[in-house]
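Residue numbers (numbering that gives the first Met the number 0), protein chains in the order written: chain D, 0 to 822; chain X, 0 to 340. Quick reminder that beta carbons are idealized off the backbone N, C-alpha and C, glycines included. None of the values given here were measured: they were computed from a predicted structure. Below is one structure, written out as structure tokens; comments come after it.
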Amino acid sequence: MKAPVKWLLSYTDVVADSKEAIHELASEMTLSGTKVESVDAQGAEIEKVVVGRCEAVRPHENSDHLQICQIDVGGEGLLQIVTGAQNIREGAYIPVALDGAKLVGGHTIKNGKLRGVDSFGMMCSFEEIGLDYRDYPGGIEDGLMIIQDLEDFRDKSEWELRTLIGKDIMTVLGADETVIDFEVTSNRADCFSILGLAREAAVTMKHLTKKGGTFTCPTPVVKEEDPASVSDFLKVRVEAPDLCPRYMARVVRNVKIAPSPKWMRDRLQASGVRSINNIVDITNYVMLEYGQPMHAFDIRTIHNGEIIVRRAQDGEKLVTLDEVERTLDSSMLVIADPEGGNAVAGVMGGLNSEIREDTPAIVFESAIFDGVTVRRGAKKIGLRTESSSRFEKGLDVVTCAKALERAAELVEELGAGTVCKGVIDCLAGEKTPRKVECNVDAINQFIGIHASKEEMEAILIDLECEPHFTGTDGGYVIPPSFRDDLICDADIAEEIARFVGYNKIESSLLSGCSSTLGKRNRNQQLSDKVRNVLTGLGYNEMVSFSFQSPSVFDKLGLAADDVLRDAVVISNPLGEDFSVMRTSMLPTALDSLAVNYARRVPQAALFEISYVYHKTEKYPEELPIHKELVTLCQYGMGGFFEFKGDIEALLASLHITGFTTEPCTDLVPMHPGRCAIAMVGGKQAGFFGQIHPRLAKTWDVPEDTFVACLETSVLYEAAVDIPKNKDVPKFPAVTRDLAIVLDKSVPAGHVEQMIRERGGKMLESCVLFDCYEGAQVEAGKKSLAYSLAFRAPDRTLTDEDVSKSMKKILNGLEFKFSATLRE
Amino acid sequence: MGMKEMLEDIRCKFEEKVSESQELSQLEELRVAFLGKKGELTGVLRGMGQLSAEERPVVGQMANEVRAFMEGKLAARKEELAAKALDEKLAKEALDVTMPGKTRAKGSLHPINQISDEMKDLFIGMGYEIADGPEIEYDYYNFEALNLPEGHPARDTQDTFYITEKMLLRTQTSSVQIHVMENKKPPIRIICPGKVYRADNMDATHSPIFHQIEGLVVDKGVTMGDLKGTLEVYARHMFGPETKIRLRPHHFPFTEPSAEVDVSCWACGGKGCRVCKGEGWIEVLGCGMVHPDVLKRCGIDPKEYSGFAFGIGIERTAMARFGVTDLRQFFEGDARFLSQF
Chain D
0 MKAPVKWLLS
10 YTDVVADSKE
20 AIHELASEMT
30 LSGTKVESVD
40 AQGAEIEKVV
50 VGRCEAVRPH
60 ENSDHLQICQ
70 IDVGGEGLLQ
80 IVTGAQNIRE
90 GAYIPVALDG
100 AKLVGGHTIK
110 NGKLRGVDSF
120 GMMCSFEEIG
130 LDYRDYPGGI
140 EDGLMIIQDL
150 EDFRDKSEWE
160 LRTLIGKDIM
170 TVLGADETVI
180 DFEVTSNRAD
190 CFSILGLARE
200 AAVTMKHLTK
210 KGGTFTCPTP
220 VVKEEDPASV
230 SDFLKVRVEA
240 PDLCPRYMAR
250 VVRNVKIAPS
260 PKWMRDRLQA
270 SGVRSINNIV
280 DITNYVMLEY
290 GQPMHAFDIR
300 TIHNGEIIVR
310 RAQDGEKLVT
320 LDEVERTLDS
330 SMLVIADPEG
340 GNAVAGVMGG
350 LNSEIREDTP
360 AIVFESAIFD
370 GVTVRRGAKK
380 IGLRTESSSR
390 FEKGLDVVTC
400 AKALERAAEL
410 VEELGAGTVC
420 KGVIDCLAGE
430 KTPRKVECNV
440 DAINQFIGIH
450 ASKEEMEAIL
460 IDLECEPHFT
470 GTDGGYVIPP
480 SFRDDLICDA
490 DIAEEIARFV
500 GYNKIESSLL
510 SGCSSTLGKR
520 NRNQQLSDKV
530 RNVLTGLGYN
540 EMVSFSFQSP
550 SVFDKLGLAA
560 DDVLRDAVVI
570 SNPLGEDFSV
580 MRTSMLPTAL
590 DSLAVNYARR
600 VPQAALFEIS
610 YVYHKTEKYP
620 EELPIHKELV
630 TLCQYGMGGF
640 FEFKGDIEAL
650 LASLHITGFT
660 TEPCTDLVPM
670 HPGRCAIAMV
680 GGKQAGFFGQ
690 IHPRLAKTWD
700 VPEDTFVACL
710 ETSVLYEAAV
720 DIPKNKDVPK
730 FPAVTRDLAI
740 VLDKSVPAGH
750 VEQMIRERGG
760 KMLESCVLFD
770 CYEGAQVEAG
780 KKSLAYSLAF
790 RAPDRTLTDE
800 DVSKSMKKIL
810 NGLEFKFSAT
820 LRE
Chain X
0 MGMKEMLEDI
10 RCKFEEKVSE
20 SQELSQLEEL
30 RVAFLGKKGE
40 LTGVLRGMGQ
50 LSAEERPVVG
60 QMANEVRAFM
70 EGKLAARKEE
80 LAAKALDEKL
90 AKEALDVTMP
100 GKTRAKGSLH
110 PINQISDEMK
120 DLFIGMGYEI
130 ADGPEIEYDY
140 YNFEALNLPE
150 GHPARDTQDT
160 FYITEKMLLR
170 TQTSSVQIHV
180 MENKKPPIRI
190 ICPGKVYRAD
200 NMDATHSPIF
210 HQIEGLVVDK
220 GVTMGDLKGT
230 LEVYARHMFG
240 PETKIRLRPH
250 HFPFTEPSAE
260 VDVSCWACGG
270 KGCRVCKGEG
280 WIEVLGCGMV
290 HPDVLKRCGI
300 DPKEYSGFAF
310 GIGIERTAMA
320 RFGVTDLRQF
330 FEGDARFLSQ
340 F
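What follows is the structure, given as structure tokens:
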């Protein structure tokens, strides 16, 4: 909300006439809760541009369009300035940029020569000094600003005009206002107005700086000089009182549409509102001043003089002021007459009822519409206006009446028409003042301050609340009708805290509270361990987006009925590429590796612990499952077994013993011969392996790309927190080598499982040290060589013991895999 | 030549040969040649039988002395040669120790998570536990239970990704407050780090996914002074011991009173610079006293208990800490970027 400082402070006795004083006001307002976004001095970038009078004009000898002018800028003698502007004339008052002047965009003016003739400055147009000609009736777009042609200067005598010579142009035009842009929070509907901000400013300066600050709220006085009564011309029927708690209207006759006076235009302009004409300007001015949006209808367009406030019909059409046809529905409210709609209530007026040059009489509307209805309606038709954003926050029924009076007062003040007697007021019900129970002690305790009852009362009274404290431990406060945000004791406490000063609150550290034990739970500890082990193994932790494009399912080559395709879909995504919640980490992993590969990073190893999201059977009655995975991915780091080794190292660090793998040939995105299912503690933890070369191509990553996706819950369940000591063996181990020949298709993992099973407790370790296929063995067969170590904790094993075990193992292998001992 | 002379002669010859020897093998040969069964000394001693009874002990003693002398020499030379051999071996094994070491480069934890880890440690030290909550969340937990009913204008300030009418991607970790309070009775002290989602297009300072840490304390007699003190500890820990904080009243529907918190600029210390846009302060978090209605909704009596909550953005701290100027780098997964931290 932009507030011109002079306007803002005109309702207070706060003085801020210097840059420093304005800065102080701004920072104190920030500290009392109305954050200042910016302080902009209008025309601050314009320097050394003054009013000059053109004394003589003659053509330039070497040019057919340049003219040489002699300008009086109040100094000794005249300044010679060469101009290309055609509208210069003798006797014209114009803005003159002197040597060293700064214009819009930091453009600097220097003395110079134009086609051989000295020129000491430049005469300016509106645009060159950062103004809009439309804000100055009589102003023109092309050519120089001629001051006496402007509406505001037309009545000035030559003598009066001469006094302006040499004065700063911005001061002369009244375009030197400083504007503070405040961030108003959504709970403070009352502060979307100059009056509301002025009240805050006064209370802030009084209590935070102790320099004093009184706010005076003006009371509008309407003379009602028109003998006719409003009821002679207008009837109002509110058919939806639930959505329109108050509807007020006045009628103004003998309307004379004209430009507004300069003071009003200046204030509107400084607030960022374009001046249109006196009637429209009054509605905007009152909206800024009181925060109450107003609307003016041309009374000719209200059929039968009857205004009906009703829900729109589904599909009802209305062309709004911006000349766009809007389609309405029954969730919206319209201001209509018996023939049809004239405005979307609280959002925008209809083009049909717009104020025109020849409008003889108008209806001023000041009303309260339900915030949620306005908000939804504005959103649906895609039209958020100054008006709708105020209604959304909830407006005050009392201010509603004051604003209407103010508009009528301004009509009379501006001579824009005659105000008829009486007001139409459809009020759904009086608002009963709210008693908020609270007391001094509780507030002090809650905030951690020591304010006295008197201090609190002073703050509350300045905020127009009625404090009724009984002693320091009882009572209540009645907030003013415009403070619907003050509902409970905490709200009152905040008001006190704001004006005692948040920074006066003494810091403490829960000294009065019970002590608690801070800690990470088991999963959180394990997760940190996994992260640390993986960084130790050379993997960099990444953080990725959890939504992705639905096209990844095709890229992965998933079947049409693959469950992974059943992703949670975002209904309003930033774009197709970010529209589904991921069901697999593979695309994320490949995307990240592709970034590295495209940037010619020779090798990359990444990991992340993050969620994939799966619908449950009861979805959407139930939230999707957030399944946590640890994902490892890499290229350029080594082959399958190096990758598997990293996974083994990870699991070993969690003291997981039951880790086995199964070949996995049917996972579409993976290399059918180089992918494994990871079994941990007898449960499937996930898969790992090399990606399918098809994917390598699709994603543009190297073929030696490996990915592992493991469910953390399975790992953590199998993890052993405290490994138990096993005494270091006292008796020697007996080692034996075992070389067998068997079918190529038998997985080594199964062979090892069998060896361990048959080897029993005595078998201490079983290490595969050679795997051979080739000329030395039969076609379709392979040879596996293991080094086995046997040991007993309580004695030295005999040859006989070990031979028995070896025989058992061999029998098992022969029986299960038709393996033979290699000769 | 008498026996004595012979022994003396052997001793001299041996001494000369030993000092000439260069190899351990030569020493062994000498030992065999002089002291072996067929060695010279043994040969001489064989002639002892021909000596008189008076001479025998004298020569015998001398022979023993010579033997001891020879054995001593032999051992000393052996040691000398062994030391020399070792020196040569070591010289041969010498490496250029200035050449680089060989290792698989260690990976790094993500800078965002490093900040998050650090905050976790800090708050665990102050008695907090770490809570967790869903990212795909019900509207109720993200908005309604936090005093943001349907149609509330403050909803507009958080552009929300919706899944269904009632389900969304959480826009704030504050949703976890409700889960925690529904399931745990006071005293409550938790923090919850996590991803949050807002429909912001990606640029150098915005991302549709970013990270927050939520804090919640509920107990008897919790004051706004406790909130301020806690945040001071946080600010000094994260931004340096000289850091000051400034609370500005603000509005969050689920806290009352509410505040936005600025810390004195970490780049200039508060004088005003490019980093803080001349303000001297940088906004880092939002906080407040838990709204009584929020407590009530979770079955906690606001007459008996009070509490505070805060929400801290992690990216901004990570950017300041590590000198990252473009937020997008955090999410790209460039190994070169990640391995720096």
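Close beta carbons around residue i, own chain, < 8 Å, minus the five adjacent residues each side
i         : result
Glu89(D)  : Cys53, Glu54, Ala55, Val56
Val58(X)  : Met2, Lys3, Leu6, Met47, Leu50
Val171(D) : Val50, Ile146, Leu163
Gly657(D) : Met678, Val679, Gly680, Gly681, Ala717
Test item: CB-CB of residue i and residue j under 9 Å
i         : j         : result
Ile256(D) : Thr358(D) : yes
Tyr538(D) : Pro701(D) : no
Tyr137(X) : Leu167(X) : yes
Asp265(D) : Ala406(D) : no
Glu505(D) : Gly224(X) : yes
Ala831(D) : Met121(D) : Outside the shown range of chain D (0 to 822) lies residue 831(D), about which nothing can therefore be said.
Leu242(D) : Asp369(D) : yes
Phe119(D) : Asp98(D)  : yes
Gln21(X)  : Leu80(X)  : yes
Thr398(D) : Ser480(D) : yes
Leu737(D) : Leu787(D) : yes
Cβ-based neighbour list, residue i, same chain, cut-off 6 Å, excluding 5 preceding and 5 following
i         : result
Met541(D) : Ser591, Leu605, Glu607
Gly306(X) : Val216, Val217, Val221, Val289
Tyr161(X) : Leu167
Rounded distance between the beta-carbons of residue j and residue i, thought under 8 Å
i         : j         : result
Thr375(D) : Gly150(X) : The question names Thr, yet the displayed sequence has Arg at residue 375(D). Between Gly150(X) and Arg375(D) the Cβ distance is about 7 Å, and since that is below 8 Å, they are a contact.
Ile448(D) : Val499(D) : 6 Å
Arg416(X) : Leu147(X) : Any property of residue 416(X) remains undetermined from this structure, which presents chain X solely from 0 to 340.
Arg821(D) : Ile721(D) : With a Cβ gap of about 43 Å, Arg821(D) and Ile721(D) do not count as contacting.
Gly517(D) : Met98(X)  : Not a contact, Cβ separation roughly 47 Å.
Leu394(D) : Leu525(D) : Leu394(D) to Leu525(D), Cβ: 55 Å. No contact.
Neighbourhood of residue i by C-beta, 7 Å cutoff - its chain only, sequence neighbours within 5 removed
i         : result
Leu230(X) : Ile244, Val260, Cys286, Phe309
Lys77(X)  : Leu23, Leu26
Leu861(D) : Shown here, chain D extends from 0 to 822; a query on residue 861(D) therefore has no answer.
Ser270(D) : Lys1, Pro3, Leu287
Gly138(D) : Phe125, Tyr132, Met144, Leu149
(request) Tell me, please, whether the segment 302-309 of chain D touches the segment 331-349 of chain D by the rule of three or more beta-carbon pairs shorter than 8 Å. (result) yes
(request) Say whether the segment 272-279 of chain X touches the segment 465-476 of chain D, bearing in mind that this needs 3 or more beta-carbon pairs closer than 8 Å, one atom from each stretch. (result) no
(request) Within the segment 187-259 of chain D, note down every full beta strand (DSSP E) run reaching 3 residues or more, in order along the chain. (result) 225-228, 234-237, 245-252
(message) Could you tell me which whole beta strand (DSSP E) segments of length 3 or greater appear in the segment 194-262 of chain X?
(response) 208-218, 244-251
(message) So, does the segment 187-206 of chain X touch the segment 80-88 of chain X, judging by three or more C-beta pairs under 8 Å?
(response) no
(message) My parser needs the alpha helix (DSSP H) runs of 4 or more residues fully inside the segment 5-53 of chain D; what are they?
(response) 18-30
(message) Count Cβ pairs between the segment 168-187 of chain X and the segment 622-633 of chain D that sit closer than 8 Å; are there 3 or more?
(response) no
(message) Counting beta carbon pairs with one atom in the segment 719-733 of chain D and one in the segment 789-808 of chain D, are three or more of them shorter than 8 Å?
(response) yes
(request) Indicate whether the contact test is met: 3 or more Cβ pairs, each with one atom in the segment 41-52 of chain D and one in the segment 157-171 of chain D, closer than 8 Å. (result) yes
(request) Check whether the segment 422-429 of chain D touches the segment 317-329 of chain D, counting contact only when three or more Cβ pairs, one atom from each stretch, lie closer than 8 Å. (result) no
(request) Answer yes if the segment 703-717 of chain D comes into contact with the segment 679-688 of chain D, meaning at least three C-beta pairs across the two stretches below 8 Å, and no otherwise. (result) yes
(message) So, does the segment 643-661 of chain D touch the segment 570-590 of chain D, judging by three or more C-beta pairs under 8 Å?
(response) no
(message) Which runs of the beta strand (DSSP E) at least 3 residues long sit entirely within the segment 76-155 of chain D? Give them in chain order.
(response) 78-82, 92-101, 111-113, 116-118
(request) Assess, as a yes-or-no matter, whether the segment 312-323 of chain X is touched by the segment 109-124 of chain X under the definition of 3 or more beta carbon pairs within less than 8 Å. (result) yes
(request) Please list the segments of the beta strand (DSSP E) lying wholly inside the segment 630-681 of chain D, counting only runs of 3 or more residues, in order along the chain. (result) 658-662, 669-679
(message) Whether or not the segment 346-357 of chain D and the segment 219-229 of chain D are in contact is what I'm after, with contact meaning three or more pairs of Cβ atoms, one per stretch, closer than 8 Å; do they touch?
(response) no
(request) Ignoring anything shorter than 3 residues or poking outside the segment 269-302 of chain D, list the beta strand (DSSP E) runs there in chain order. (result) 293-297
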